[in-house]
Amino acid sequence: MSRPQGEGTSRIGSGRRRLGAVVSAVVLVGAGGWVAGTQVQSPADAAASHQAPKAGPVTVAVVRQSLTASVVATGSVEFASPRPLSLAGPVGSGTSSAAAGEGAEQRVTKAPVAATKIKEGDVLMTVNGRPVFALGGSVPMYRALGPGTSGDDVTQLQTALKRLGFDPGATSGTYGQGTATAVADWYRSKGYDPQEPSPADQQQLGSLEQAVSAAQETLLTTNGAATEAGSSAGSGESGSAGTPSPQSSTDQQIHEIQVKSAQKALDLANDALSTFKASYGTKVPAGEVVFLPKLPARMDKVSVKTGDTPSAQIGTVTSSDLVVQAAVPGTDARLLRHGMTAELTTTDGKTVKGTVDVVADGSDSTAAVQVRITVPEPGPLAGQAGAAVKVTVAVGASDGKVLTVPLAAIHTSSDGRARVEVERGGTVTDVQVTVGLSAAGIVEVTSAGGALKAGERVVVGE
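Heads up, this note's numbering is the position in the sequence shown plus 12, with the first residue counted as 1.
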């Protein structure tokens, strides 16, 4: 049976194509298996390939630079020389009649005003309508000043009166009539009555003067009686001429005793009057003057108000100068000295120069030490009381540029010498150094024979 022409050829071609496809598939599968086989790792190999490389030392370069050591702290702007303010005693004499408004309970009738400037001769406040004046002086008011008193406080008062334009005469330190007159004129110029003798003082003066008069009259009467008795005895009325009788002799002795007694009474009365007059006159009551070491001053705080009894502290007064108070760690405070220059930086970046004035005892290195810095020219700090400032005090500087490393690079060997570890060519070399100035975590180092050079790297950690 014959086949159609071309049928056999068609079947042969189809078979060859199927074989080629099978061979290609086998080749692809084999190639994929080979590729997959080259990428497969064991669990151990996979873990090893993910481990971090072994850590090396942490190093920092040695730097040649100028080094300045500074103490840095935060400070507060304050007014200088704060001191408590109180009255040394009552205003007024305290012995005048209550009807005149004196001698009654002390009450503040006009309170001090905080933040006001105090000049010499100013009235700080009033008590029972009487003034409390401010005067310059280092001796505090501690008693009433009046005729007969003497001392440094009186000299201080006389000097202040002269500065105010009221001349007391000689500044002798003794309160005399010239001082009393100056005080009276000063009070009246301020619109106040001076503290003149009270009615009780005037009454006592009158009594003492009457006592003197009475003693004088008694002495005159006694002397007159003694003279009359002597004349009678001389005329011989009681016996023969020129010879006094025993009775007249006794009378004479009695009269002499009476005269001496009367004279003594007169002397005592005069002494009492002189003593009283020595302290009689215009006075300055203990509570009516406050002496302040430096004027003008500033009323910083007020502790009383109108109606209060001014028996305790009435406030705090300061000078008008500004200072900065800072708390510095004891270890840093030991580097500070009186007279060092301080740079004060405000929160808005402005700077002012100050001077280290007082450094408190810093024996306990763990405790903060109070440091006071004066500010001769406040500049941007004026009116900034209570503000915070950054305080920087330079305590040393290197002599030009020096080799420096971080403090963390310094370690001490068993022989007690300072050393650094230098990384060179993949190895670490121990180099002995001498430590110098340090500042802000950086320290100056030198090495024998130039064993350490700028640019080399020192180990600061692992």
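Even for Gly, the Cβ is constructed at its ideal location relative to N, Cα and C.
Quick caveat, the model's predicted, so the values are computed rather than measured.
Boundaries of the beta strand (DSSP E) in which residue i is found, first to last residue
{"i": "G327", "result": "327-331"}
{"i": "V417", "result": "400-418"}
{"i": "G448", "result": "446-451"}
{"i": "R384", "result": "380-386"}
{"i": "T121", "result": "120-122"}
{"i": "G473", "result": "469-473"}
{"i": "E433", "result": "430-436"}
{"i": "R95", "result": "95-97"}
{"i": "T458", "result": "454-458"}
{"i": "V302", "result": "301-304"}
{"i": "D312", "result": "309-314"}
Rounded Cβ spacing between residue i and residue j (contact assumed at less than 8 Å)
{"i": "L424", "j": "E456", "result": "Reading off the sequence, residue 424 comes out as Thr, not Leu. With 8 Å as the limit, T424 and E456 do not qualify as a contact, their Cβ atoms being about 17 Å apart."}
{"i": "A73", "j": "R469", "result": "5 Å"}
{"i": "L176", "j": "E132", "result": "7 Å"}
{"i": "A338", "j": "V403", "result": "5 Å"}
{"i": "G158", "j": "V296", "result": "7 Å"}
{"i": "V340", "j": "V383", "result": "5 Å"}
{"i": "V144", "j": "L173", "result": "About 17 Å; that fails the 8 Å criterion."}
{"i": "A126", "j": "M137", "result": "Going by Cβ atoms, the distance from A126 to M137 rounds to 12 Å, so no, they are not a contact pair."}
{"i": "V336", "j": "M352", "result": "About 13 Å; that fails the 8 Å criterion."}
{"i": "P392", "j": "T358", "result": "6 Å"}
{"i": "G185", "j": "D213", "result": "With a Cβ gap of about 24 Å, G185 and D213 do not count as contacting."}
{"i": "P2", "j": "Y292", "result": "No answer is possible for residue 2: the residues shown for the chain start at 13 and end at 474."}
{"i": "I385", "j": "A354", "result": "5 Å"}
{"i": "Y204", "j": "R142", "result": "7 Å"}
{"i": "T86", "j": "A400", "result": "6 Å"}
Residue i: first and last residue of the uninterrupted alpha helix (DSSP H) it sits in
{"i": "T80", "result": "Per DSSP, T80 belongs to no alpha helix (DSSP H); it is in the beta strand (DSSP E), 75-91."}
{"i": "A192", "result": "189-201"}
{"i": "R175", "result": "164-175"}
Buried or exposed by the 16-neighbour rule on C-beta atoms within 10 Å, applied to residue i
{"i": "T234", "result": "buried"}
{"i": "K362", "result": "exposed"}
{"i": "R484", "result": "The structure shown does not extend to residue 484, since the chain is modelled only from 13 through 474, so no value can be given for it."}
{"i": "Q207", "result": "buried"}
{"i": "V364", "result": "buried"}
{"i": "S78", "result": "exposed"}
{"i": "I326", "result": "buried"}
{"i": "D373", "result": "exposed"}
{"i": "D479", "result": "Given a span of 13 to 474 for the chain in the structure shown, any question on residue 479 remains unanswerable."}
{"i": "E300", "result": "buried"}
{"i": "L505", "result": "This structure cannot speak to residue 505, because the chain is shown only from 13 to 474."}
{"i": "V34", "result": "Any reading at V34 must be qualified, since the residue scores a pLDDT of 37, below 50, and its modelled position is unreliable; no value is offered."}
{"i": "G149", "result": "buried"}
{"i": "S260", "result": "buried"}
Proximal residues to residue i (C-beta, below 7 Å), its chain only, five neighbours per side dropped
{"i": "P322", "result": "L99, Q118, V120, V139, V316"}
{"i": "D442", "result": "R431, E433"}
{"i": "P418", "result": "V72, G453, I454, V472"}
{"i": "F178", "result": "A194, D197, W198"}
{"i": "Q222", "result": "none"}
Cut-off 6 Å between Cβ atoms - residues of its own chain near residue i, not counting five sequence neighbours on either side
{"i": "L285", "result": "L220, V224"}
{"i": "K306", "result": "S331"}
{"i": "R76", "result": "K413, L415, A466"}
{"i": "V84", "result": "T404"}
{"i": "R23", "result": "Because the pLDDT at R23 is just 44, under 50, the model does not fix this residue reliably, and the value given afterwards should be weighed accordingly. The answer is none, since no qualifying residue turns up."}
{"i": "G448", "result": "E456"}
Own chain partners of residue i with C-beta closer than 8 Å, once the 5 adjacent residues on each side are dropped
{"i": "V440", "result": "P69, E433, V434, V471"}
{"i": "A397", "result": "V89, E90, F91, L334"}
{"i": "R310", "result": "F91, A127, T128, K129, I130, V329, T330, S331, S332"}
{"i": "V271", "result": "L231, T234, N235, A238"}
{"i": "A290", "result": "P159, G160"}
{"i": "Q275", "result": "L231"}
Beta carbon proximity, residue i to chain B, threshold 8 Å
{"i": "V75", "result": "Protein chain content of the structure displayed is limited to a single chain, and chain B is not contained in it."}
Quiz item: Which runs of the alpha helix (DSSP H), 4 residues or longer, sit entirely within the stretch 320-370?
Solution: 342-345
Quiz prompt | Every unbroken beta strand (DSSP E) within the stretch 120-154, with a cutoff of 3 residues, ordered by chain | solution = Contiguous beta strand (DSSP E) elements confined to the stretch 120-154 occur at 120-122, 135-139, 142-148, taking only those with 3 or more residues.
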